[in-house]
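What follows is a set of notes on a single structure, which appears directly below.
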Amino acid sequence: MPFSSHLSRRDLLKTGVALSATALPFAQSKEVVAAEDKKLRTAHIGVGGMGGADLAQISSHPRVEVVALCDVDAGRLAEASKKHPSAKTYQDYRQMFAEMAQDFDAVVVSTPDHTHAPAAMTALNHDKPVYCQKPLTHEIYEARQLRLVAEQKQLVTQMGIQVSSSLQYRGTTQYIQEGIIGKVSEVYVWSQKNWGYDGPAFEGKDEVPASLAWDLWLGTAEERPYKKEVYHPGQWRRLIDFGTGTLGDMGVHICDTPFRALALTAPNWVKTTCRKPTGVGHPEQNMCEYEFPGTEFTTDTLRWTWFDGALVPPDVSKFDLPKDYELPGQAALFLGERGSLLLPHVANPVMFVGGQEIPIEMQPLEIKNHYHQWVDACLGENTTISSFSYGGPLTEALLLGVVANRFPTQKLEWDADKLEVTNLPEANQLIRRNYREGFEVNGL
Ligand SMILES: NC(=O)c1ccc[n+]([C@@H]2O[C@H](COP(=O)([O-])OP(=O)(O)OC[C@H]3O[C@@H](n4cnc5c(N)ncnc54)[C@H](O)[C@@H]3O)[C@@H](O)[C@H]2O)c1
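Numbered per our numbering, the sequence shown spans residues 7 to 450.
Pasting the structure below:
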């Protein structure tokens with residue numbers, strides 16, 4: 007191999023690897039605000055936690071005017087309102103749409119996972135472009151529906167995987183597609199985080215804080231008593247009714263580059279190894295194996311294995327890494343015909359050939375801030391890299407692994423067209439949830 011210790015773009019060219027501009031094949035573009043002097047008026051659903059960061063990023067765009075803020079927690083709403091005092095405030099997003107949908111152009115959804123789809127679909131139903139946090143949805147069916155409606159209406163969308171716009175992720179996608187390690191046969195993806203809960207169901211109830219609209223927080227999910235430090239503010243992402251566990255949560259970031267770079271679609275099957283389901287929390291440690299159909303960047307089929315919690319670091323001895331190589335806590339590792347490539351979570355990729363480490367020099371790419379990409383696209387000036395056309399299938403694939411957690415060691419054969427597990431009918435109960443009465447949404 008002609009690779010020196012630092013592999014630059016120029017070196018790649020010398021090896022005969024064709025370079026091409028990174029395509030953005032998935033973004034829709036439909037102008038929402040035409041005139042140059044007009045601002046994009048945004049409405050934000052969920053403005054605490056990551057919602058606060060989303061609000062700060064979106065509103066840092068010079069052509070954004072924040073006109074509506076919504077949060078079920080009056081304390082968090084008041085905090086956000088201090089920064090945007092002229093924005094109208096709501097605790098119920100349905101009321102916000104009913105009263106002022108004509109007064110905003112686009113919607114940002116930053117609520118817990120189980121509320122992404124109902125809030126985002128309400129926005130799409132009102133013909134509003136949407137920026138929605140990751141994972142796109144809590145259920146596979148919801149991800150499919152959001153994608154289809156956004157595509158059919160040609161609305162600008164972006165899933166909140168801001169790292170997909172980082173130099174490291176964009177550059178690695180490009181390198182893999184240019185064939186830096188040849189066709190890829192296998193991928194390992196992992197996060198040492200533990201967004202699971204192996205404990206029992208919660209007993210008793212606590213008084214609902216005066217600032218919290220608990221019924222609205224539950225939204226589409228089944229009613230239950232409030233328990234402090236369990237749901238909000240707290241640990242909802244560990245629980246099956248609200249979050250998606252480590253695989254659905256961190257997995258969306260870590261799996262993004264391999265899914266995108268290898269142009270993967272729906273998996274053929276998925277199988278997990280984890281503890282028996284408890285009906286309460288996601289498993290605290292999980293190994294999830296997938297087989298994907300082959301693409302132009304892979305061998306005939308692609309094997310993919312996810313590890314989380316205490317299963318990290320995984321055993322990567324078959325990947326030809328230098329002896330005793332210290333693996334990062336979160337990363338994707340590609341096994342190719344001509345070597346392996348390790349992409350630590352938002353850090354420069356490293357290549358391994360013949361047991362030797364070859365750092366890769368990242369070349370500057372023209373990259374726009376993930377949030378501003380979406381704003382510009384809404385203004386008709388750009389496209390988005392992680393529209394629902396991309397985020398939908400990525401979320402569907404990961405959520406299938408989350409479904410498989412409920413049937414450990416069983417292989418779930420997947421028919422993506424029919425949204426059906428073909429060999430285990432009981433798993434199909436988990437593809438789509440029944441919404442609580444009063445919280446139904448058209449299209450879901
Ligand atoms: N992209 C990233 O790097 C990143 C990082 C952290 C979280 N997230 C995602 O952001 C989302 C929020 O996560 P978080 O950690 O900020 O959670 P959180 O519980 O801390 O914050 C959620 C906010 O939404 C509000 N909310 C809840 N239900 C609501 C409803 N029905 N209507 C309006 N507001 C509602 C809550 O009061 C709170 O202010 C999740 O989907 C999570 O996966 C993404």
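By construction, the Cβ of each residue, glycine as well, lies at the ideal position given by its N, Cα and C atoms.
Please report the distance separating the alpha-carbon of T304 from that of L270.
Cα atoms of T304 and L270: separation of roughly 9 Å, rounded to the nearest angstrom.
Tell me which residue opens and which closes the beta strand (DSSP E) that N292 is part of.
Where N292 is concerned, the enclosing beta strand (DSSP E) starts and stops at N292 to P299.
Around the C-beta of V136, are 16 or more other C-beta atoms found within 10 angstroms, so that it is buried, or is it exposed?
Under this definition V136 is a buried residue.
Every unbroken beta strand (DSSP E) inside the stretch 129–196 [3 residues or more]:
With a minimum length of 3 residues, the unbroken runs of beta strand (DSSP E) contained wholly in the stretch 129–196 fall at 136–139 and 163–166.
P250: buried (16+ other C-beta within 10 angstroms of its C-beta) or exposed?
Looking at the sequence provided, one finds Thr at residue 250 rather than Pro. It is buried - the Cβ of T250 has at least 16 other Cβ atoms within 10 Å.
Going by other Cβ atoms of all chains shown within 10 Å of its Cβ, with 16 needed for buried, is H238 buried or exposed?
Buried.
Cβ shell of G257 (< 6 Å), same chain only, five flanking positions each side left out:
So the qualifying residues of the chain are L404.
Less than 8 Å separating the beta-carbons of A112 and C384?
Between A112 and C384, the CB-CB gap stays under 8 Å.
On the DSSP letters alone, give me the boundaries of the beta strand (DSSP E) that M357 sits inside.
For M357, the uninterrupted beta strand (DSSP E) segment begins and ends at V356 to V359.
Between Q174 and V352, how many whole angstroms is the CB-CB distance? I'm expecting something under 8 Å.
Beta-carbon to beta-carbon, Q174 and V352 are separated by about 6 Å, close enough to satisfy the 8 Å threshold.
Output yes or no for whether 8 Å exceeds the beta carbon distance between D326 and F358.
Closer than 8 Å, so yes.
Work out the CA separation of L161 and P68 for me, nearest whole Å.
About 22 Å.
DSSP three-state call for W201: helix, strand or coil?
When secondary structure is reduced to three states using DSSP, W201 falls in the coil class, being assigned neither helix nor strand.
For R100, verify whether its CB is less than 7 Å away from any heavy atom of ligand 1.
Every heavy atom of ligand 1 is 7 Å or more from the Cβ of R100, so no.
Drop a sphere of 10 angstroms on the beta-carbon of S26, count the other beta-carbons inside from all chains shown, and report buried for 16 or more, exposed for fewer.
Only weak support exists for where S26 lies, its pLDDT of 30 falling under 50; the coordinates are left without a value.
Would R442 pass as a contact of T226 if the rule is Cβ separation under 8 Å?
Result yes, Cβ atoms of R442 and T226 sit closer than 8 Å.
Option nearest Y194 by Cα separation, candidates V115, L436, I373 and G335:
Check the Cα spacing between Y194 and each of V115, L436, I373 and G335: the tightest is with G335.
Enumerate in chain order the residues of its own chain whose CB-to-CB distance from T390 is below 6 Å, with the five nearest sequence positions on each side excluded.
A33, Q164, Q379, W380 and A383.
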